[in-house]
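The sequence shown lines up with residues 224 to 374 when you count with our numbering. These notes concern the structure reproduced below.
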Amino acid sequence: MSFWNKILGNEDVRRIDYYSEGLELLASGKFHEALTSFRLALKESPGDAIVLQQIAICYTRIGMVEEAAKTYRHVLQKDPSSAGAHYGLAFILLRGEAPEEAIPHLEAFLSHAPRDDEANAHVDHARRTLSQMREGQHGRAADQTEPDVSF
């Protein structure tokens, strides 16, 4: 999109919104391209937790879960109350070898969860998963995937 037009010399001098471009690419399933756009957005806004979380989502979608977990942990070092990072990391941990490590992240997400209609499905998902884990059913949890998050 805009990034490629700029490389090919087809872009005028207007400022490119790499973050919005990354969101569009992510929504259309173009994860590698979205990752490129988010990295460019991060150059414009170094350390931005929201951009870093989108990068972690891209890493997850392309199967680079270790990089995704590392990125979520980086966000949590900067902002320990980051709901999106806790949520994303929890679902990576659930699919890993130590799913019980997801519990404190689910709890942290729920204690800092956004209170808007868009977040309701994520809050319900986290509550349901946490409940199943507390009942000892984490191996049978129906949905251990990480839905797209941007809060």
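Ideal placement from N, C-alpha and C gives every residue a C-beta, glycine not left out. Model, not experiment: these values are computed from the prediction.
Identify the continuous alpha helix (DSSP H) that holds residue i and give its terminal residues.
i: D347; result: N343 to R357
i: K253; result: Segment: none, K253 is in no alpha helix (DSSP H) and carries neither H nor E.
Helix, strand or coil: how does DSSP classify residue i here?
i: I273; result: helix
i: D339; result: coil
i: G307; result: helix
i: E247; result: helix
i: E320; result: coil
i: H328; result: helix
i: I278; result: helix
i: S268; result: coil
i: I315; result: helix
Between residue i and the rest of its own chain, which residues show a CB-CB distance below 8 Å, the 5 nearest in sequence each way excluded?
i: T283; result: A291, G311, I315 and E369
i: L299; result: S305, A308, H309 and L312
Which same chain residues, not among the five before or five after residue i, have their C-beta less than 6 Å away from its C-beta?
i: T221; result: For residue 221 there is no data in the structure shown, the boundaries of the chain being 224 and 374.
i: H309; result: H328, A331 and F332
i: A313; result: A325, H328 and L329
Closest by CA to residue i, which one among the options?
i: E267; options: Y242, H255, N343 and P322; result: Y242
i: M287; options: A321, D240, G359 and F254; result: F254
i: R355; options: C281, D240, S251 and P322; result: Sequence inspection shows Gln at residue 355; the Arg mentioned does not correspond to that position. Taking only the C-alpha atoms, the option nearest Q355 is P322.
i: L258; options: D240, D340 and G245; result: G245
i: A336; options: E289, S305 and L249; result: S305
i: D240; options: L249, A250 and L263; result: L263
i: S251; options: H297, P269 and C281; result: C281
i: E320; options: E289, R357 and H297; result: E289
i: I285; options: R296, L265, P269 and E256; result: E256
If I measure Cβ to Cβ from residue i and keep anything under 7 Å in the same chain, skipping five residues before and after, which residues do I get?
i: D302; result: A272
i: R350; result: L333
i: S260; result: F226, Y241, E244, G245 and L248
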